[in-house]
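Using our numbering, read the sequence shown as starting at -7 and increasing by one per residue.
Positions of the beta carbon are idealized from the N, C-alpha and C atoms, including for glycine.
On a predicted model such as this, the values are computed, not experimentally measured, just so you know.
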Amino acid sequence: MPFSDYWSSSEGGDRVSINDLPHVNASLNALSGVLVVAGYVAIRRRNVGLHKRLMGSAIVCSALFLGCYLTYHVHRVYISGLGPTRFMGQGLARPVYFTILISHTLLAIATLPLVLITVARALKERIDKHRAIARWTFPIWLYVSVTGVIVYLMLYHWYAAA
């Protein structure tokens, strides 16, 4: 395998393949969703400090996800020339998968500016405006996290190529 397909650990131990990134991405998506819900619960309990830490952690997970996602897809399409992973499900699974995938993708695109605006308003201590947009950001971000995991399960586990 070419060097670009693997990253070695600093201790020279096990390697992580570029092909492991979809599993990493699903884990980061799931963790981000859990952190977003925990952050929501914290603010509902008026624990602002915990809310800030949890939401900051959710942002880090989402940023790591985006970096890994882009790395994987650029490598798969432009470096390896394999193209996107094909969904192998048949029958009713196909429209279900593509409905979830399309809604996930469109809302994922909307999530980035929503999160940035929500965070900017919090950092500027414009709490009323932060709260107003967070009412939209929270459910959309959570939906994107959950459907990201569902897309992963459908593509790599439930309907994976044999």
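- In the structure shown, the three-state DSSP call for R86 is helix.
- A direct Cα-Cα distance of roughly 22 Å separates M146 from C53.
- If you ignore the 5 residues before and after I132, its C-beta comes within less than 8 Å of the C-beta of L99, A102, T103, L106, all in its own chain and listed in chain order.
- Spatial neighbours of N17 in its own chain (CB-CB distance under 6 Å, excluding positions within 5 residues in sequence) are listed in chain order as F57, C60, Y61.
- The C-alpha of L134 lies about 19 Å from the C-alpha of A114.
- Boundaries of the alpha helix (DSSP H) around S54: 40 to 66.
- Between S137 and V28, the CB-CB gap stays under 8 Å.
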